[in-house]
Every structure is written in C-alpha cells, then in structure tokens.
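Reading through the structure tokens given below for one structure.
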Amino acid sequence: QTEDGTKLVCKLVDVSQASAKETQDAVKEGRLLAQFRHPYVVRYRDNFIDSGWLSILMDYCEGGDLSKQIENARKRRQQIPEESILMWITQALLALKYIHDKHVLHRDLKSSNFFLSKSGNLKMGDFGIAKVLACTAACAKTQIGTPYYLSPEVCQEK
597 QTEDGTKLVC KLVDVSQASA KETQDAVKEG RLLAQFRHPY VVRYRDNFID SGWLSILMDY
657 CEGGDLSKQI ENARKRRQQI PEESILMWIT QALLALKYIH DKHVLHRDLK SSNFFLSKSG
717 NLKMGDFGIA KVLACTAACA KTQIGTPYYL SPEVCQEK
C-alpha cells in the first residue's frame, strides 16, 4: 500500500533461467512502464530483482480482469449492459492510443489483460511482452503472446 492508500499488487516473474541481457531488458521495460500516467493504463510503480525473481509492483484493480467479468455474466446468463461495453471499448482505445503515442506495442491484447477498477473503469495491463519501438512506423516482427489474439502486424509479418 502506498502512502496515499493505493493498494498495490506484486507480480513475480521467474528470471532465473533468463540471460543477463534479458533480465536487464525486463527491468528497463518495467522502468519505462512506471513512467506511464494514464487513467486507463494500470500504473506500474517499481520493479526489482531478488533471488532470480523479477518483482513488479503495480496498482491493484479491485474489479479483477475483464475475462472474469465476461465469464461471470455468461454463468449467470446475464448480458453485460451495452453502456458498460461502449465505455470499456472507449477506455481501451484511449489506453491503446496512449501507449502507441509512447512508441509501445502491447502485443497481447485480450480480455484477461484488461482490468477493472473499483469504480468500474477499464485499465490496460500485463505489459509483460510489450515491445518498445524506435519509431511509430516500426512494427514488431516476432510472434509472441497468446496465439488466438495476435495483432494484424504480427500475422502479416510487417
């Protein structure tokens, strides 16, 4: 918990088998993400390595991830209100524009990588495989992430 009362969560990533460069790149990427300030992007606070584990401190999203919301609605045989869907799509697109303006591709966009705040706002998170770009026109050329959710750039090998 921060001084202002914000709850944090710590994500642990095993880097014991990673090369020194890969580990260093992961720490650098975490520091880059910690600079992001957007209402619809999960705030990354800090990261550090200890005993072969990369610890990533980020804001806690009380509403869980979007995939669980969808699954819960499906189990209850209830529809998610159209207003909520439109709001979440808008928030996701605003978050996407923000990270693209910062020359970052998420590369694994799916419902389980979007989280809900206590107030119900959507936040983009889980940047574990994000790629920082040298320029906006550059594209990621490697296939990483969840196979059923690949970006058009990766599928077209651009």
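All letters in the sequence shown, in the order written, are residues 597 to 754 by my numbering. Built from N, CA and C at the ideal position, the CB exists for glycine as well. Predicted model only: the values in this text are computed from it and were never measured.
#1: Just curious, the beta strand (DSSP E) that Val637 is in, first and last residue?
#2: Excluding the five sequence neighbours on either side, which residues of its own chain have a C-beta within less than 8 Å of the C-beta of Lys603, listed in chain order?
#3: For a quick check, are the C-beta atoms of Leu712 and Leu662 less than 8 Å apart?
#4: Across which residues does DSSP place Ile645 in a beta bridge pair?
#5: Would you list the one or two residues that DSSP bridges to Lys714?
#6: So, does the region 663–682 touch the region 603–620, judging by three or more C-beta pairs under 8 Å?
In short, the structure shows the following:
#1: Position 41 of the sequence shown holds residue 637. Careful: Val637 lies outside any beta strand (DSSP E) and carries neither H nor E.
#2: By 1-based counting over the sequence shown, the position of residue 603 is 7. Closer than 8 Å at the Cβ level, and outside the excluded window around Lys603, lie Gln597, Asp655, Tyr656 and Glu658.
#3: Numbered from its first residue, the sequence shown carries residue 712 at position 116. Numbered from its first residue, the sequence shown carries residue 662 at position 66. Yes, Cβ-Cβ distance for Leu712 and Leu662 is below 8 Å.
#4: Position 49 of the sequence shown holds residue 645. According to DSSP, residue pairing for Ile645 in a beta bridge involves Leu650.
#5: Stepping through the sequence shown from its first residue, residue 714 is reached at position 118. Answer is none; Lys714 lacks a bridge partner.
#6: As far as the Cβ criterion goes, the region 663–682 does not touch the region 603–620, which means the pair count is below three.
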